[in-house]
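Taking it in order: structure first as structure tokens, then the write-up.
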Amino acid sequence: MNGKSSGLLIVSIMTIFGIMTIPGDASAESNQVSVTPINEEISLEKTITTMSVPQENKLPWGTVRGDASDYVERYPVIIQFYKGGDPVHFAQVDVKGDGSYEYKFRVRNLDLNTGEFVNIFQGDYTVKIFKVIPNTNDLA
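-13 is the number of the first residue of the sequence shown in our numbering; add one for each residue after it.
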């Protein structure tokens, strides 16, 4: 591939990715939150939610976000995706100073060999989110 063709390919790919940076057309509903004390100072907050990615999804990104809330410094948020009980994808993200977090992931990808778009996520997923928070329970 000559330099001009290579440059054109890179610009085309970057243009496609630039257009597709809008968050994906995935939806999620919060189902349940549980808090388990770890010790006298901290607890583990577990949120279980369902994410649905429609088959006709055309956008490439999905996002898992948490609003500003209590958190314990130096403990990341762990995000786990399951499909039908099988693990599919795990992630670890840092909590921002205000207690919020965000994890952006690909839902759809371009196969550079074929030029076809491939759905990475499609259908219903269980998403488990683990965050360490200050202990609110009296363990005495």
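Where a beta carbon is used, it is the ideal one built from N, C-alpha and C, also for glycine.
Keeping to the same chain, check which residues put their C-beta closer than 6 Å to that of residue i; ignore five residues upstream and five downstream.
i, result
"Ile115", "Thr33 and Ile65"
"Glu31", "Val21, Lys117 and Ile119"
Assuming residue i and residue j form a contact by the criterion Cβ under 8 Å, report the distance between their Cβ atoms to the nearest whole angstrom.
i, j, result
"Thr35", "Ser29", "Not really, about 19 Å apart at Cβ, beyond 8 Å."
"Lys117", "Val74", "Not really, about 20 Å apart at Cβ, beyond 8 Å."
Closer than 8 Å by C-beta to residue i: which residues in its own chain qualify, once you throw out the five before and the five after it? Chain order, please.
i, result
"Ile2", "Low confidence applies to Ile2: its pLDDT is 34, below 50, so where it sits in the model is not reliable, and the reading given next is rough at best. Leu96, listed in sequence order."
Using only the alpha-carbon positions, how far apart do residue i and residue j sit?
i, j, result
"Gly48", "Glu88", "10 Å"
"Gly83", "Asp53", "12 Å"
"Asn43", "Asp56", "34 Å"
"Met37", "Phe103", "21 Å"
"Gly109", "Pro40", "6 Å"
"Val81", "Leu45", "26 Å"
Under 7 Å Cβ to Cβ from residue i, same chain only, skipping five residues before and after it: list those, please.
i, result
"Val58", "Ile28, Val118, Ile119 and Pro120"
"Gly85", "Ala54, Ser55, Asp56 and Tyr57"
How would you call residue i, buried or exposed, if buried means at least 16 neighbouring beta carbons within 10 angstroms?
i, result
"Tyr111", "buried"
"Arg51", "exposed"
"Phe107", "buried"
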